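S.K.: Top line first, the protein sequences correspond to chains A and B.
Taken in order, the first sequence gives residues 1 to 350; the numbers are from our numbering.
Taken in order, the second sequence gives residues 351 to 700; the numbers are from our numbering.
In this text, a Cβ means the ideal position worked out from N, Cα and C, and glycines have one as well.
Note that the structure is a prediction, hence the values are computed from the model and not measured.
Structure incoming, see below.
Protein chains: 2
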Amino acid sequence: MGNKNVGIKDVALAAGVSVTTVSHVLNEVAYARVRPETKEKVRAAAEQLGYEPNRLAQALRTQRTGMLGLLSEDIATTPHAGRIILGADEAAKARGYNLMILNTSAAATLDSRQADVEALLERRVDGILYATMYHRNVDLPPNLGNVPSVLVDSVSTGGNITAVIPDEESGARTAVSALVEAGHTRIGFLNNTDDVPATHLRLQGFRNTLDEAGLDGGAAPVESASSEVQGGYEAARRILERGAGADVPTALFCYNDRMAMGAYRAAAELGLAIPADLSIVGFDDQQLIAANLYPALTTVALPHYEMGAWAVEQLIDAIEGKTDLALMAAAPTVMDCPLVRRHSVAPPRA
Amino acid sequence: MGNKNVGIKDVALAAGVSVTTVSHVLNEVAYARVRPETKEKVRAAAEQLGYEPNRLAQALRTQRTGMLGLLSEDIATTPHAGRIILGADEAAKARGYNLMILNTSAAATLDSRQADVEALLERRVDGILYATMYHRNVDLPPNLGNVPSVLVDSVSTGGNITAVIPDEESGARTAVSALVEAGHTRIGFLNNTDDVPATHLRLQGFRNTLDEAGLDGGAAPVESASSEVQGGYEAARRILERGAGADVPTALFCYNDRMAMGAYRAAAELGLAIPADLSIVGFDDQQLIAANLYPALTTVALPHYEMGAWAVEQLIDAIEGKTDLALMAAAPTVMDCPLVRRHSVAPPRA
DNA sequence: GGGCGTGGGAGACGGATGGGCAACAAAAAC
DNA sequence: GTTTTTGTTGCCCATCCGTCTCCCACGCCC
């Protein structure tokens, strides 16, 4: 029913007890001794009046808001932020917390980000999640340290805050292994040109996996370009056209799904059928692309949902004193990137 | 600097005045008369101590939280939600409000959505935005009416709440006009099979535009399928293969960008070059697809950002007493869908 | 004595909590 | 078998959280 303005004292009045008692029974205070019948009366009155506690007043008194601040970069431009938010929101909801989300930009000045943190702090959030759009190193506003906080998908340049990131190297290994296991021996890599951790770690995973498979990782073809569709197209053309026919790769590992999309076009132009003539595996599992390409793209998923959920769990544990975040701050927690098998990988032609 | 727990009374102490005075000067209360020098002292003390007001206490006292609740369906699965959130967030921030976002699902029960509204109400948000994933009719939780609220991208089945929706019909006209103006006379429509307003209104816009151009809208080819890539592919094959060669459309208007993506594949398989042999225009302007298809897709953009921003403006105006939402509740506000020209439209072959 | 310029006191707002205070019962003292 | 003593139970009073705001106080000048 509508409650509008029923307060604890209205309930007390209706139940014929004091507000103290109402508070005790509704919060199930352990040390409070209240006769069962009285409890029942109170509950009935509360129910009947449609009483809902005013969280503001509660928070003021208890110094706990039950709100978590989430500062997220570029919510709109990437679906990744959405997955993080979703994971965080569900985990928070499950433990009785709510999220207050502020959007910021990867390009925002430190000052503006500091102001955002300030806004969260004024609202007395119990903890803060700072989520970035992609895995990189960030400068954090210093006031972030005023409440428990954890970094999602990034590592702090300061390095003293708990963080969770995807395991780029192992993700790359997973992707390349899928190709190796399908029987490919000539595998190329379409890499990104940005200087972010993923660029280096995926390359490393690529090389190591080949080496361990007895293929020469150091000699495998790698072409770099911007991590967009156009870049993927260009890099794919270069890699597929270089060298003699016999040296051309029969499989491509792409830095991300957008580049893979470019590779699809390059393959089509060169008359190469996927996966019969060319196998491809991407990275990121961007639904809109990976599932909609034809044939659907086999790719490695970034654990955005899981990172968001994990971060919230840690945060709440810390807030409730079950964990000490400082202990985890030494090194970032890494999370696995699982392979999503679709239809872009097949054995090479005999 | 770090503030931790400096309150108004600390400032008062430091400035040698009463808390009343501090409150007066920091809030620039109009009727309060305070000597300029005193004001200065207070401001200096506040600054020096790094005082930030406790919004909880403020809110408790003033009955205004400065928070807007945003209930959004399926944040993660569509970038649309992201655009709405972004528009809402920026508009809110500009007017000193913050957003509290809760995720819900289009499939969620009325009860669960009601619980979400309840959570927002407990936190005493000043108003609520209810954003849906795509334009349709929704059943709203009844407790939504307890605070000012506006519906984004949907119309309430009850019909008595302010809403803002895209102008589907005019969007379709814009799209089809672009084709007509390029010189096409045989234009087909790949429609959706879902029974949502957009399905009917876009069809209507399609037919009307053709009629007004002297082409026979009623006779124009329309194929319906699921509004995904695969559906688009199938519908496009059907439409491009039916009838004799001379009757085949030279241009396709697609229900959305995903279907357009399917149409691209169909065209490729049939040896039709885009835009030379076949012009295509989509709907939605899903960045990931529209900008990345080759050639890039000309499409109609849904005003998600604008709707989010508009909704927040109305909400805040209502909260601050500048507007009466009830006056606007009679009919939904419709917003324009602008054409985004890229490279998939050209004149038909001579 | 009224007006003006300055500033402070004392409740709210809605709920949480530690310390008490009655009432009654069981145990101990006489 | 009556009193005390010592506990329990069951419940409420008084305060506090941090801020705003109505209303009053004081000094001084006409």
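Can you name the residues of chain A whose CB is closer than 8 angstroms to the CB of GLY357 (chain B)?
M.R.: As a first step, residue 357 (chain B) is located in the second sequence; it is residue number 7 there, counting from the start. Within chain A, no residue comes near GLY357 (chain B); the closest Cβ sits about 12 angstroms away, beyond 8 angstroms.
S.K.: Does DSSP put ARG136 (chain A) in a helix, in a strand, or in coil?
M.R.: Position 136 of the first sequence, counted from the start, is the residue given in the question as residue 136 (chain A). It is a strand residue.
S.K.: Assess contact between the region 8-18 of chain A and the region 47-60 of chain A, defined as three or more Cβ pairs (one per stretch) separated by less than 8 angstroms. Is contact present?
M.R.: yes
S.K.: Assuming contact is defined by CB atoms lying nearer than 7 angstroms, are GLU578 (chain B) and ARG608 (chain B) in contact in what I supplied?
M.R.: If you number the second sequence from 1, residue 578 (chain B) lands on position 228. If you number the second sequence from 1, residue 608 (chain B) lands on position 258. A contact, by the Cβ cut-off of 7 angstroms.
S.K.: Residues in its own chain within less than 6 angstroms of ARG433 (chain B) by CB, not counting five upstream and five downstream?
M.R.: Position 83 of the second sequence, counted from the first residue, corresponds to residue 433 (chain B). Apart from sequence neighbours up to five positions away, the residues of its chain that approach ARG433 (chain B) with a beta-carbon distance below 6 angstroms are HIS654 and TYR655, ordered along the chain.
S.K.: Report yes or no: is there a C-beta of chain A within less than 7 angstroms of the C-beta of LEU399 (chain B)?
M.R.: Taking the first residue of the second sequence as position 1, residue 399 (chain B) is located at position 49. Interface with chain A (7 angstroms Cβ-Cβ cutoff): LEU399 (chain B) is excluded.
S.K.: Do you know how far the Cα of SER72 (chain A) is from the Cα of LEU436 (chain B)?
M.R.: As a first step, residue 436 (chain B) is located in the second sequence; it is residue number 86 there, counting from the start. As a first step, residue 72 (chain A) is located in the first sequence; it is residue number 72 there, counting from the start. About 11 angstroms.
S.K.: What residues of chain B sit near VAL229 (chain A), judged by a beta carbon separation below 7 angstroms?
M.R.: Translated into the one-based positions of the first sequence, residue 229 (chain A) becomes position 229. Correct list: ASN642.
S.K.: Determine, for GLU52 (chain A), whether the minimum Cβ-Cβ distance to residues of chain B falls below 7 angstroms.
M.R.: Walking along the first sequence from the start, residue 52 (chain A) turns up at place 52. At least one chain B Cβ lies under 7 angstroms of GLU52 (chain A).
S.K.: 7 angstroms is my cut-off, CB to CB: does ASP627 (chain B) come that close to chain A?
M.R.: By one-based count along the second sequence, residue 627 (chain B) stands at place 277. For ASP627 (chain B), the answer is no, since every Cβ of chain A falls outside 7 angstroms of its Cβ.
S.K.: Can you tell me which residues form a DSSP beta bridge with ILE478 (chain B)?
M.R.: Locating residue 478 (chain B) in the second sequence gives position 128, counting from the first residue. Answer by DSSP bridge pairing, in chain order: B:GLY419 and B:SER499.
S.K.: Closest Cβ-Cβ distance between ASP517 (chain B) and chain A: below 7 angstroms?
M.R.: For the purposes of this step, residue 517 (chain B) is taken as the residue at position 167 of the second sequence. Output row for ASP517 (chain B): interface = no.
S.K.: Classify ALA528 (chain B) as buried or exposed, calling it buried when 16 or more other Cβ atoms lie within 10 Å of its own Cβ.
M.R.: As a working note, residue 528 (chain B) is residue 178 in the second sequence. Flag for ALA528 (chain B) reads buried.
S.K.: I'd like to know if MET335 (chain A) contacts chain B, where contact means its C-beta is closer than 7 angstroms to some C-beta of that chain.
M.R.: For the purposes of this step, residue 335 (chain A) is taken as the residue at position 335 of the first sequence. Not one chain B Cβ lies under 7 angstroms of MET335 (chain A).
S.K.: Quick check on DSSP: helix, strand or coil for ASN143 (chain A)?
M.R.: Taking the first residue of the first sequence as position 1, residue 143 (chain A) is located at position 143. ASN143 (chain A) falls in the helix class under three-state DSSP.
S.K.: Taking the alpha-carbon positions, what's the MET67 (chain A) to SER149 (chain A) distance?
M.R.: The sequence position of residue 67 (chain A) within the first sequence is 67, counting from 1. The sequence position of residue 149 (chain A) within the first sequence is 149, counting from 1. Cα to Cα, the separation comes out at about 13 angstroms.
S.K.: Which one of B:ASP503, B:GLY671 and B:VAL497 has the shortest CA to CA distance from ASN487 (chain B)?
M.R.: Mapped onto the second sequence, residue 487 (chain B) falls at position 137. Per the Cα distances, B:ASP503.
S.K.: Taking the alpha carbon of TYR31 (chain A) as the reference point, which residue from A:THR20, A:GLU37, A:ARG341 and A:LYS41 has its own alpha carbon closest?
M.R.: To locate residue 31 (chain A), count along the first sequence from 1; it is residue 31. Among A:THR20, A:GLU37, A:ARG341 and A:LYS41, the Cα nearest to that of TYR31 (chain A) belongs to A:THR20.
S.K.: My output table needs one value for ILE316 (chain A): the three-state DSSP class, helix, strand or coil.
M.R.: Counted from its first residue, the first sequence places residue 316 (chain A) at position 316. Residue state, collapsed to three classes: helix.
S.K.: Does the pairing of the region 118-128 of chain A with the region 403-410 of chain B give three or more beta-carbon distances under 8 angstroms?
M.R.: Two segments are said to touch when three or more pairs of C-beta atoms, one from each, lie closer than 8 angstroms; by this definition the region 118-128 of chain A touches the region 403-410 of chain B.
S.K.: When we look at the beta-carbon of SER112 (chain A) and count the other beta-carbons within 10 Å, is it buried (16 or more) or exposed?
M.R.: Mapped onto the first sequence, residue 112 (chain A) falls at position 112. The residue in question, SER112 (chain A), is exposed, as its Cβ has fewer than 16 Cβ neighbours within 10 Å.
S.K.: Do ASP116 (chain A) and THR132 (chain A) have their beta-carbon atoms positioned less than 7 angstroms apart in this structure?
M.R.: Taking the first sequence and counting its residues from 1, one reaches residue 132 (chain A) at position 132. Taking the first sequence and counting its residues from 1, one reaches residue 116 (chain A) at position 116. In this structure, THR132 (chain A) sits away from ASP116 (chain A), with a CB-CB distance that is not shorter than 7 angstroms.
S.K.: Quick check on the DSSP output: the alpha helix (DSSP H) that includes LEU460 (chain B) runs from which residue to which?
M.R.: As a working mapping, residue 460 (chain B) is identified with position 110 in the second sequence. Looking at the DSSP string, the run of the alpha helix (DSSP H) that includes LEU460 (chain B) is 460-472.
S.K.: Residues of the region 419-438 of chain B in Cβ contact with chain A at a cutoff of 9 angstroms, in chain order, please.
M.R.: Residues of the region 419-438 of chain B whose Cβ lies closer than 9 angstroms to any Cβ of chain A, in chain order: LEU420, ASP424, ILE425, ALA426, THR427, THR428, PRO429, ALA431, GLY432, ARG433, ILE434, ILE435, LEU436 and GLY437.
S.K.: In its own chain, which residues sit with a C-beta less than 8 angstroms from the C-beta of VAL29 (chain A), not counting the 5 before and 5 after it?
M.R.: To locate residue 29 (chain A), count along the first sequence from 1; it is residue 29. Excluding sequence neighbours, VAL29 (chain A) sits near SER23.
S.K.: Which residue marks the beginning of the beta strand (DSSP E) containing ALA251 (chain A), and which one marks its end?
M.R.: The sequence position of residue 251 (chain A) within the first sequence is 251, counting from 1. Run containing ALA251 (chain A): 251-254, per the beta strand (DSSP E) assignment.
S.K.: Taking the Cβ atom as the reference point for each residue, do VAL164 (chain A) and MET307 (chain A) lie within a distance shorter than 7 angstroms?
M.R.: Residue mapping note: residue 164 (chain A) aligns to position 164 of the first sequence, counting from 1. Residue mapping note: residue 307 (chain A) aligns to position 307 of the first sequence, counting from 1. Against a cut-off of 7 angstroms, the Cβ pair of MET307 (chain A) and VAL164 (chain A) comes out as a contact.
S.K.: Run down chain B in chain order and give the residues with a C-beta less than 7 angstroms from the C-beta of ILE274 (chain A).
M.R.: As a position in the first sequence, residue 274 (chain A) is number 274, starting the count at 1. Within 7 angstroms Cβ-Cβ: nothing; ILE274 (chain A) doesn't reach chain B, min ~13 angstroms.
S.K.: Evaluate LYS359 (chain B) with the Cβ neighbour count: other Cβ atoms within 10 Å of its Cβ, from every protein chain shown; 16 or more gives buried, anything less gives exposed.
M.R.: Here residue 359 (chain B) refers to the residue found at position 9 of the second sequence. It is exposed - the Cβ of LYS359 (chain B) has fewer than 16 other Cβ atoms within 10 Å.
S.K.: Quick check on this structure: which residue in B:ARG557, B:GLU519 and B:ILE537 has the alpha carbon closest to the alpha carbon of VAL546 (chain B)?
M.R.: Residue mapping note: residue 546 (chain B) aligns to position 196 of the second sequence, counting from 1. Answer by Cα proximity: B:GLU519.
S.K.: If we ignore side chains and look at the alpha-carbon of each, how far apart do ARG242 (chain A) and ALA613 (chain B) end up?
M.R.: Counting from 1 along the first sequence, the entry for residue 242 (chain A) is found at position 242. Counting from 1 along the second sequence, the entry for residue 613 (chain B) is found at position 263. Computed Cα separation, rounded: 32 angstroms.
S.K.: Starting from GLY538 (chain B), trace the beta strand (DSSP E) in both directions and tell me its first and last residue.
M.R.: The residue you call residue 538 (chain B) lines up with position 188 of the second sequence. Element bounds for GLY538 (chain B): 537-542.
S.K.: If you draw a straight line from the alpha carbon of ILE639 (chain B) to that of THR428 (chain B), how long is it in whole angstroms?
M.R.: Reading the second sequence from its first residue, position 289 is the one you call residue 639 (chain B). Reading the second sequence from its first residue, position 78 is the one you call residue 428 (chain B). Between the alpha carbons of ILE639 (chain B) and THR428 (chain B) lies a distance of about 12 angstroms.
S.K.: Taking 8 angstroms as the threshold, find out whether the region 266-279 of chain A comes into contact with the region 201-213 of chain A through three or more Cβ pairs.
M.R.: Cβ pair count under 8 angstroms is below three, so no.
S.K.: Can you name the residues of chain B whose CB is closer than 8 angstroms to the CB of GLU357 (chain A)?
M.R.: Nothing about residue 357 (chain A) can be read from this structure; chain A reaches only from 1 to 350.
S.K.: Is the Cβ of MET483 (chain B) closer than 7 angstroms to any Cβ of chain A?
M.R.: By 1-based counting over the second sequence, the position of residue 483 (chain B) is 133. No, its Cβ sits nowhere closer than 7 angstroms to a Cβ of chain A.
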